[in-house]
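Peer 1:
Numbering (UniProt numbering), first residue to last: 1 to 80.
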């Protein structure tokens with residue numbers, strides 16, 4: 001089973017992350033963060049079950065990076 005995401009999906013995901021309010025990216029629990037980004041993604045385009053699973057895994061693996069980038073936008077240093 002291919003677990004790669006298309007460049008269009010990746011572009012949309014990072015666009016959503018950039019558009020999401022910084023405090024939400026920093027303060028939401030992991031599952032809320034992933035669920036929220038996934039929900040916004042599904043509002044933009046239809047995802048197959050496999051794509052939803054892969055997007056969820058992708059976001060989970062990058063949740064710390066997402067929070068660090070959001071904190072940098074806000075000028076906040078996150079605890080290690």
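No residue lacks a Cβ here, since even glycine has one placed at the ideal position from N, Cα and C.
Please name the residue, chosen from 23, 61, 60, 10, that lies closest to residue 73 on a Cα-to-Cα basis.
Peer 2: Residue 73 has its Cα closest to that of 23, out of 23, 61, 60, 10.
Peer 1: Could you check how far apart the C-beta atoms of residue 38 and residue 54 are, in whole angstroms? I think they sit under 8 Å.
Peer 2: Actually they do not touch by this definition, with Cβ atoms about 11 Å apart.
Peer 1: Pull up the distance between the alpha-carbon of residue 61 and that of residue 29, whole angstroms please.
Peer 2: Approximately 14 Å between the Cα atoms of the pair.
Peer 1: Given residue 12, which residues of its chain have a CB within under 8 Å of its CB, disregarding the five upstream and five downstream residues?
Peer 2: So the qualifying residues of the chain are 41, 44, 45.
Peer 1: Counting C-beta neighbours from all protein chains within 10 Å, is the total for residue 1 16 or more, i.e. buried, or is it exposed?
Peer 2: Because the pLDDT at residue 1 is just 47, under 50, the model does not fix this residue reliably, and the value given afterwards should be weighed accordingly. Classification of residue 1: exposed, given that the 10 Å Cβ count is below 16.
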